[in-house]
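Heads up: take any position in the sequence shown, counting from 1, add 30, and you land on our numbering. Report on the structure given below.
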Amino acid sequence: MPNHAEQLAQELNLSLKNVQGAIDLIDAGNTIPFIARYRKEATGSMDDQVLRNLGDRLEYLRGLDKRKEEVTGSIEAQNAMTPELQAALAGAKTLAEVEDIYRPYKPKRKTRASIARARGLQPLADATLKQDANFDPQTAANDYLNEEVPDAAAALAGAQDIIAETISDDAHCRAELRRYYHAFGMVKSVKAKDEDSVYTQYYDYTEPVAKIPGHRILALDRGEREGFLKVSIAVEAERAGGIVAWMFARKKTGGASAAIVEAAALDAYSRLIHPSLENELRAELTAKAAEGAITVFGENLRQLLLQPPIRGKTVMGLDPGYRMGCKVAVVDPTGKVLDTNVVYPVPEFKRVDQAKKTIKSMVLKNGVEVMAIGNGTAGHETEEFAAAVIRELAEEKGLHLQYMVVSEAGASVYSASKLAAEEFPQYDVNLRSAVSIARRLQDPLAELVKIDAKSIGVGQYQHDVDQTLLKKSLDQTVESCVNLVGVNLNTASRHLLTYISGLGPALAQNIVDYRTENGPFSSRKELLKVPRMGAKAFEQCAGFLRIPQAKNPLDNSAVHPESYPIVEQIAKDLNCTVDELIKSKELRSRIDIKKYVTPTVGLPTLTDIMQELDK
């Protein structure tokens, strides 16, 4: 397999040394969050997004190499390999180029051309395609008559079919037309049936391929799937067909054969090439539109997950509703459920006074400090009700509560999930969503990771894109956010731990089981006692797991255990303890970090360590 470092460095405008460092680390089984955070010297401080892009492109290039090998093997098995073909395959930059080169050698289903070949007409087609001025195809055709080819017209028709398929399989021709379609193609849509729909604006619509935005492509695709639209790619057929004829037919010098080749070229374009290129271009437009949409979904999800948490508060979660009432749950600062209820705060039910009395009682009994109100059905009425309750509590008891409106997207999905049933077997499905809303305010990241990211409502058309790619992208976003923030090893749920670098469902469950049997972890080193936690997994995950009350204060930081000796050496040089070093800004101001640079630990790592000590 070729080394792709030079190509990636050029494409991504990165240093060759750093790209090679990143490739080596990825190939050694390191996770992207770990490389981004703890191997900055090797990568030149690439962030996780750059590393993911590099990893995805590397995967594509290696897939391209594999396909080239497969195609080479197939062509060689047919004894058809030539130095020109070998060079063309070696120079191919995309999978589409490789497939174009392979097209003439690919096993085909039964076609008009294959039937003509079976009837012995290949030599006639070859002779005609040479377009020798002295060759008379009409006369030559008489030599190919048999039971299946009754006359010269049938022989020439078969030869023309073979020539059309040969032209259609020509890689250079397809590349030329592909450029033409990209530059001058038009996306067209017309109505598929006489019926009003949300797609009325697209019942007679045209827009250039080069300019049409991704969201419009996804809308047209959906309209077509739902049976309201017929979508196509249109070009000037006469001009496009003319390009093909110009490439193959030698009108001035080709004699009588040129007319047959021209007819074959036009037939190849209309019958074979256009439908193929239209499908290819539509698939390409859809893939590009989906990629753009998935990027937006990821950005939206990141903003949701990284909302600032409101820690250390007892929160009342209100899940609004009409007929089923407003579900209420109170959770303490650790997320433990203290109280639940159902009230009817909407005026039309004439139970507002009773609802106020219940809520006030729950606030006073549990020491509620903040209300979290879901933004779904009846959310506005519930917000007005909560504001009234807060005003009355201020007047009557001198309490000064606050409330915040929280997105409840996916709360119902979570409340009906197996995870919620395991977490709250004693609560009704509706009450679980109130708990989720309260916890979303306390720690959005820890709560939202429990919900399938697609159910959080992160953008339009999320059901129209490739669901595997969407899930991969959103999972990567969640992983990035979780590892950016880090998690409390002693309180994190199994689901949250699953996203930590180097862990997965099995190790996350083993950590929770170990915690249940042995009590809270007292140090990161204790992780090595967890079943199946090897040295590699420990290396990948340790820096992202925090232990707030650990004996070693570095266990509650993003400083990796592999760097503890550096911090200890700094403290020793300053004649103080690590704890004193962390607490004293004056001591830290005396550190010259350049003194601690080694062949393996550079300024990026040392700068990160100093930032963590400052925190």
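Ideal Cβ positions, reconstructed from N, Cα and C, are used throughout, including at glycine. Keep in mind it's a predicted model, so treat the numbers as computed, not measured.
Excluding the five sequence neighbours on either side, which residues of its own chain have a C-beta within less than 6 Å of the C-beta of V179, listed in chain order? Taking the sequence shown and counting its residues from 1, the one referred to as residue 179 is at position 149. Around V179: R149, A185.
Of the listed residues L331, D234, S227, Q50, nearest to N33 (C-alpha basis): As a working note, residue 33 is residue 3 in the sequence shown. For the options L331, D234, S227, Q50, the alpha carbon positioned closest to that of N33 is the one of Q50.
Can you tell me where the beta strand (DSSP E) with M216 in it begins and where it stops? What you label residue 216 is simply residue 186 of the sequence shown in a count that begins at 1. Taken as a continuous stretch (DSSP letters only), the beta strand (DSSP E) holding M216 covers 216-221.
Give me the residue from V393, A117, V508 with the minimum Cα distance to V345. Position 315 of the sequence shown holds residue 345. Selected option, being the one with the closest Cα: V393.
Limits of the beta strand (DSSP E) - the one that L711 falls within: Nothing about residue 711 can be read from this structure; the chain reaches only from 31 to 645.
Return the residue from the list G253, V382, K484, E453 that minimises the CA-CA distance to R332. Locating residue 332 in the sequence shown gives position 302, where the first residue counts as 1. Of the candidates G253, V382, K484, E453, the one whose C-alpha sits nearest the C-alpha of R332 is K484.
Inter-residue CB distance, L368 and N330 (contact presumed, cutoff 8 Å): For the purposes of this step, residue 368 is identified with residue 338 of the sequence shown, where counting begins at 1. For the purposes of this step, residue 330 is identified with residue 300 of the sequence shown, where counting begins at 1. In fact, because the Cβ distance is near 32 Å, the residues do not count as touching under 8 Å.
State the DSSP-derived secondary structure class of T628, mapped to helix, strand or coil. Locating residue 628 in the sequence shown gives position 598, counting from the first residue. The answer is coil: DSSP assigns T628 none of H, G, I, E or B.
Quick check: the Cα distance between M401 and T528, rounded to an integer number of angstroms? Along the sequence shown, read from residue 1 onward, the residue named residue 401 stands at position 371. Along the sequence shown, read from residue 1 onward, the residue named residue 528 stands at position 498. Straight-line measurement puts the Cα of T528 at about 30 Å from the Cα of M401.
Which residue spans inside the region 295-365 form an unbroken alpha helix (DSSP H) run of at least 4? 304-335
Spell out the partners DSSP gives D369 in its beta bridges. Numbered from 1 along the sequence shown, position 339 holds the residue referred to as residue 369. Note: D369 sits in a beta bridge opposite V360.
Option in D86, G347, E642, Q152 with minimal Cα separation from L461: One-based indexing of the sequence shown puts residue 461 at position 431. That would be G347, whose Cα lies nearest to the Cα of L461.
Coarse secondary structure for E237, derived from DSSP in three states: Locating residue 237 in the sequence shown gives position 207, where the first residue counts as 1. In the structure shown, E237 sits in a strand (DSSP, three-state: E or B).
Can you tell me whether Q432 is helix, strand or coil according to DSSP? Taking the first residue of the sequence shown as position 1, residue 432 is located at position 402. DSSP places Q432 in strand when its eight states are reduced to three.
Classify R67: buried if its beta carbon has 16 or more other beta carbons within 10 angstroms, exposed otherwise. Mapped onto the sequence shown, residue 67 falls at position 37. So R67 counts as buried.
Closer than 8 Å is the cut-off here; do at least three beta carbon pairs connect the region 503-523 with the region 469-483? In short, these stretches touch, since the Cβ pair count reaches three.
Hey, E308 and I263 are a contact pair by Cβ (cut 8 Å); roughly how many whole angstroms apart? In the sequence shown, residue 308 corresponds to position 278, counting from 1. In the sequence shown, residue 263 corresponds to position 233, counting from 1. 4 Å between Cβ atoms; contact.
Under three-state DSSP, which class holds L250? Within the sequence shown, numbered from 1, the residue matching residue 250 stands at position 220. L250: helix per DSSP, three-state reduction.
Beta-carbon gap between H525 and V479 smaller than 7 Å: Residue mapping note: residue 525 aligns to position 495 of the sequence shown, counting from 1. Residue mapping note: residue 479 aligns to position 449 of the sequence shown, counting from 1. Taking 7 Å as the Cβ cut-off, H525 and V479 qualify as a contacting pair.
Is the number of C-beta pairs between the region 188-203 and the region 288-300 that are closer than 8 Å three or more? yes
Cβ of G404 within 7 Å of Cβ of Y374? Looking up residue 404 in the sequence shown gives position 374. Looking up residue 374 in the sequence shown gives position 344. Their beta carbons are not under 7 Å apart, which means G404 does not touch Y374 by this criterion.
To the nearest angstrom, how far is it from the Cα of F278 to the Cα of R82? Position 248 of the sequence shown, counted from the first residue, corresponds to residue 278. Position 52 of the sequence shown, counted from the first residue, corresponds to residue 82. Their backbone Cα atoms lie some 44 Å apart in a straight line.
Rounded to whole angstroms, what's the CA-CA distance from L636 to L335? Just pull it up for me. On the sequence shown, residue 636 is found 606 positions in, with the first residue counted as 1. On the sequence shown, residue 335 is found 305 positions in, with the first residue counted as 1. So the alpha carbons of these two residues sit roughly 29 Å apart.
If distances are taken between C-alpha atoms only, which option among Q432, L311, S227 comes closest to A417? The sequence position of residue 417 within the sequence shown is 387, counting from 1. For A417, the nearest C-alpha among the options comes from Q432.
Measuring CB atoms only, is the region 508-516 touching the region 572-586, in the sense that at least three cross pairs come out at less than 8 Å? yes
Return the Cβ separation of K281 and E292 in integer angstroms, given the expectation that the two are a contact with Cβ distance under 8 Å. Translated into the one-based positions of the sequence shown, residue 281 becomes position 251. Translated into the one-based positions of the sequence shown, residue 292 becomes position 262. About 7 Å; that satisfies the 8 Å criterion.
Enumerate in chain order the residues of its own chain whose CB-to-CB distance from A286 is below 8 Å, with the five nearest sequence positions on each side excluded. Numbered from 1 along the sequence shown, position 256 holds the residue referred to as residue 286. Cβ within range, chain order: F165, D166, P167, Q168.
Below 6 Å, is the gap between the Cβ of V373 and the nearest heavy atom of the ligand GDP? Summarising the ligand content, the structure contains no ligands, and the ligand GDP is consequently not present.
With DSSP run on the structure shown, which of helix, strand or coil describes A450? Looking up residue 450 in the sequence shown gives position 420. Here DSSP, grouped into helix, strand and coil, assigns A450 to helix.
Can you have a look at N172 and say buried or exposed, based on whether 16 or more other CB atoms are within 10 angstroms of its CB? Translated into positions along the sequence shown, residue 172 becomes position 142. Counting Cβ neighbours within 10 Å, N172 comes out exposed, since fewer than 16 surround it.
Where P63 falls, given that 16 or more other Cβ within 10 Å makes a residue buried: Numbered from 1 along the sequence shown, position 33 holds the residue referred to as residue 63. When all chains shown are included, P63 counts as buried.
For the structure I just gave you, are there three or more beta carbon pairs, one from the region 311-329 and one from the region 423-430, closer than 8 Å? no
R576 in three-state terms, based on DSSP: Your numbering for residue 576 matches position 546 in the sequence shown. Reduced to three states, the DSSP call for R576 is strand.
Same chain only: Cβ atoms within 8 Å of E422, ignoring 5 sequence neighbours per side: Taking the sequence shown and counting its residues from 1, one reaches residue 422 at position 392. Around E422: K386, K390.
Cβ neighbours of F454 in the same chain (closer than 6 Å, five flanking residues each side left out): Against the sequence shown, residue 454 aligns to sequence position 424. Here the set comprises R462.
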